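Student:
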Amino acid sequence: MEKHPPWKKRFCIGLLLALLCYMLLVEFGPLVLLSASIFGLSGLWVFGRSWWKERRNRLKREEMDAAGRAAVERRREACRNARYTPEEREQAVAYIRRNLGPIAGWDREKTGDVLDISVALIPPTESLPFWKAATVGAGACTVEAGDLQMTPERIELMMALPPDWDSSERWPGRILRGMAWYLLITRGFSGYDLYRGLPLAGAGFAGAVADSDFPGMPELAVADLPVSFRWVVPLLKPELDYFLRRGYQGLERRIPASRPWADPKREPWMDPLTWFQEDIAPFQWFEDGERFCLGLETGVFCQDLFLQAGLSGTGRDWERLAREYLRQYQPNDGPFVEYACGEWSFFAASEDREIMEQLALGLSDLLRDDRAGARCLLSPSRWQ
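Plus 32 on top of the position in the sequence shown (first one is 1) and you've got this note's numbering.
1) By the 10 Å Cβ neighbour count, where 16 or more other Cβ atoms means buried, how is G234 classified, buried or exposed?
2) Ignoring anything shorter than 3 residues, give me the beta strand (DSSP E) runs that lie fully in the stretch 148-180, in order along the chain.
3) Thinking R400 and Q340 are a contact (beta carbons under 8 Å), I'd like their distance in whole angstroms, please.
4) Only counting runs of 4 or more residues, tell me where the alpha helix (DSSP H) segments fall wholly within the stretch 95-137, in order along the chain.
5) Could you tell me how far apart the beta carbons of G137 and L160 are, in whole angstroms, since I believe they sit closer than 8 Å?
6) Just grab the DSSP bridge partners of L191 for me.
7) When you compare the CB positions of Y289 and W263, do they come within less than 8 Å of one another, or not?
8) Between the beta-carbon of S260 and the beta-carbon of R186, is there less than 8 Å?
9) Check R323 in the structure and name its three-state DSSP category.
10) Expressed to the nearest angstrom, what Euclidean distance is found between the alpha-carbon atoms of R81 and R88?
11) Could you name each continuous alpha helix (DSSP H) segment of 4 residues or more that falls completely within the stretch 313-376, going from the start of the chain to the end?
12) Determine the direct distance from the alpha carbon of V265 to that of D320, and round the result to whole angstroms.
13) Secondary structure at P250, three-state DSSP: helix, strand or coil?
14) Could you check the C-alpha separation between D397 and P304 for me, to the nearest Å?
15) Assuming contact is defined by CB atoms lying nearer than 8 Å, are D295 and P194 in contact in what I supplied?
16) Out of C111, E370 and E120, point me to the one whose CA is closest to E383's CA.
17) Using the Cβ count rule (16 or more neighbours within 10 Å means buried), how would you classify M249?
18) DSSP three-state call for F275: helix, strand or coil?
19) Pick out whichever of S150, L252 and D198 has its Cα sitting closest to the Cα of R130.
20) Have a look at G210 and L226 and give me their C-alpha separation to the nearest angstrom.
21) How many angstroms separate the CA atom of L232 from the CA atom of D198?
22) Can you say whether G345 is buried or exposed, counting buried as having 16 or more other CB atoms within 10 angstroms of its CB?
23) W213 by DSSP, collapsed to three states: which one?
24) On the CB-based measure, 16 or more other CB atoms within 10 Å of its CB, does D311 come out buried or exposed?
25) Measure the Cβ-Cβ separation of E188 and T167 and say whether it is below 8 Å.
26) Would you identify the three-state DSSP class for F379, choosing helix, strand or coil?
27) First and last residue of the beta strand (DSSP E) that includes L409?
28) Once DSSP output is grouped into helix, strand and coil, what is the label at P292?
29) Hey, how far is the Cα of L409 from the Cα of E356?
30) Measure from the alpha carbon of M302 to the alpha carbon of each residue in P292, I287 and W293, then state which is nearest.
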C-alpha cells in the first residue's frame with residue numbers, strides 16, 4: 033500500500049492542533065488562546081523549516097539523478113560508436129594467444145548497436161591448466177573519468193574456468209559482456225567494483241569482482257594496445273556476503289591459489305559460520321548474556337611488537353593498544369567498551385555487537401597488515 037508523504041502527515045497533525053486550540057478557546061477564553069497561538073506559531077515554524085529542507089534535499093537528489101542519467105547516456109553513445117580497427121583487433125587477439133594460449137573457438141552474440149564484444153575461448157595448456165575466456169572489443173571504448181579524477185581506461189576482461197568446463201556453455205560470455213557494459217557504461221570506470229547482474233544469477237553466482245591480479249592467476253605482460261586486461265572472479269553467495277563485510281583485501285586472502293577459477297559447483301572459499309573467528313584469530317570471541325566479549329592470552333602473539341615499543345606485552349599493554357585503536361579509528365565507540373585485563377590476559381566487552389565486531393576485525397587487520405601503524409599507536413613519539 034502506498035504510504036502518505038511526510039508533509040501530508042504533518043498537515044493532518046496541524047489540523048488537529050488547530051481544532052484543539054478552537055476547543056480550548058471556547059472552553060477557557062483568551063489567555064489559553066494566547067498560549068495556544070504561541071505554541072501554534074512555533075509548530076508552524078518547525079513545520080515550514082522541515083518542509084523547506086525536505087524540498088531542497090529532494091531537488092538535490094533529482095538533480096543528481098538527472099546528471100547520472102545524462103552521464104550514462106553519454107557513455108552509452110561513446111560505446112555505441114567505438115569499434116576496433118582491423119589492426120587493433122588483430123593486436124588484441126595476438127596478445128591473448130601469446131599470454132593465454134591458442135584460441136579454440138569464439139562466443140559471438142549479437143548485442144545491438146552497443147559494443148560489439150566477442151569472447152575468445154582458450155583451452156587448458158601446460159602452463160595454464162584450465163580454460164580461459166577473454167573479451168575482444170570492450171577495449172575499443174574509452175570511458176570518461178567523471179568526478180573521480182581518474183585517468184580514462186580501456187579494458188578487456190578475462191575469466192578462468194575449470195579444466196573440465198564444457199565449451200558449449202554460454203554463461204562465461206554473458207557474464208563478461210554484462211560486466212564490461214556495467215563498468216564502461218553504468219559505472220564509467222573500472223576498479224574493485226562489485227557487479228551483480230542477471231547473467232551471474234543465471235549461472236549460479238551472486239556477484240563478481242575484477243582486478244588485474246588475483247592469487248593463482250598469471251601475471252600478464254603489457255599489451256601492445258593501451259588496454260588493461262582484468263581478471264573477473266565470480267562469487268558465490270557466502271563469498272559475496274564476505275566481500276560486503278570484509279572488502280576486497282579480505283576476499284583476496286581467501287581466494288585459493290590452487291583453484292581460482294569460476295565454478296558454480298565448487299565449495300565456497302569460507303564458511304559463513306566460522307570465518308569471523310578465523311579472521312580474528314588468535315583473539316577469541318564469545319557472548320556472555322547481553323555482552324559481546326573479545327579475549328586473548330598474552331605473552332606470545334605480537335610480543336616483538338610490544339618489545340619494540342618499550343613495553344612487556346601484558347594484558348594492560350593490550351588494553352592500551354585497543355584504547356588507542358578505538359581513539360584513532362572508532363572515535364565515538366571508546367566509551368562503550370569496558371576492559372578487565374590482567375598480567376597474562378586481555379579482555380574487552382560491550383553491549384553493542386557492532387562496536388565489538390569492528391574492534392575485533394579492525395585490530396586483527398592492523399596487526400596483520402600494518403604493524404608499523406600498530407607500533408605508532410603504542411608509542412607515537414618513538415616512531416615519528
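Beta carbons are placed, not taken as given, at the ideal position from N, Cα and C, and that holds for glycine.
Being a predicted model, the structure only gives us computed values, none of them experimental.
Tutor: Reading off the structure:
1) G234 should be labelled exposed.
2) With a minimum length of 3 residues, the continuous beta strand (DSSP E) runs that stay inside the stretch 148-180 are 150-154 and 163-168.
3) Taking the Cβ atoms as the reference, R400 lies roughly 17 Å from Q340, outside the contact range of under 8 Å.
4) Within the stretch 95-137, the runs of alpha helix (DSSP H) that reach at least 4 residues and sit entirely inside it are, in chain order, 118-132.
5) Wrong, their Cβ atoms sit about 17 Å apart, outside the cutoff.
6) Note on residue identity: the sequence assigns Met, not Leu, to residue 191. Listed as beta-bridge partners of M191 by DSSP are A165.
7) A small correction: the amino acid at residue 289 is Ala; Tyr does not occupy that position in the sequence shown. Not a contact, by the Cβ cut-off of 8 Å.
8) It is a contact, given that the beta carbons lie within the stated cut-off.
9) In this structure, R323 counts as strand in the three-state DSSP scheme.
10) As the crow flies, the alpha-carbon of R81 is around 11 Å from that of R88.
11) Those alpha helix (DSSP H) runs which fall completely within the stretch 313-376 and span 4+ residues are 335-340 and 347-361.
12) Roughly 39 Å between the two C-alpha positions.
13) When secondary structure is reduced to three states using DSSP, P250 falls in the coil class, being assigned neither helix nor strand.
14) D397 and P304 have their C-alpha atoms roughly 19 Å apart.
15) Yes, the Cβ-Cβ distance between D295 and P194 is below 8 Å.
16) Nearest Cα to E383 within the set C111, E370 and E120: E370.
17) Buried, since its Cβ has 16 or more Cβ neighbours within 10 Å.
18) Three-state result, F275: helix.
19) Taking only the C-alpha atoms, the option nearest R130 is L252.
20) Across the structure, G210 and L226 are spaced so that their CA atoms are roughly 12 Å apart.
21) Looking at the two C-alpha atoms, the distance is approximately 17 Å.
22) Looking at its Cβ environment, which holds 16 or more other Cβ atoms inside 10 Å, G345 is buried.
23) Assignment of W213 by DSSP, reduced to helix, strand and coil, places it in the helix class.
24) Counting Cβ neighbours within 10 Å, D311 comes out buried, since at least 16 surround it.
25) Yes, Cβ-Cβ distance for E188 and T167 is below 8 Å.
26) Correct three-state label for F379: strand.
27) In this chain, L409 is not harboured by any beta strand (DSSP E); it is covered by the alpha helix (DSSP H) spanning R403 to L410.
28) Under the three-state reduction of DSSP, P292 is assigned to coil, being neither helix nor strand.
29) Cα to Cα, L409 sits roughly 6 Å from E356.
30) Measuring C-alpha to C-alpha distances from M302 to each of P292, I287 and W293 identifies I287 as the nearest.
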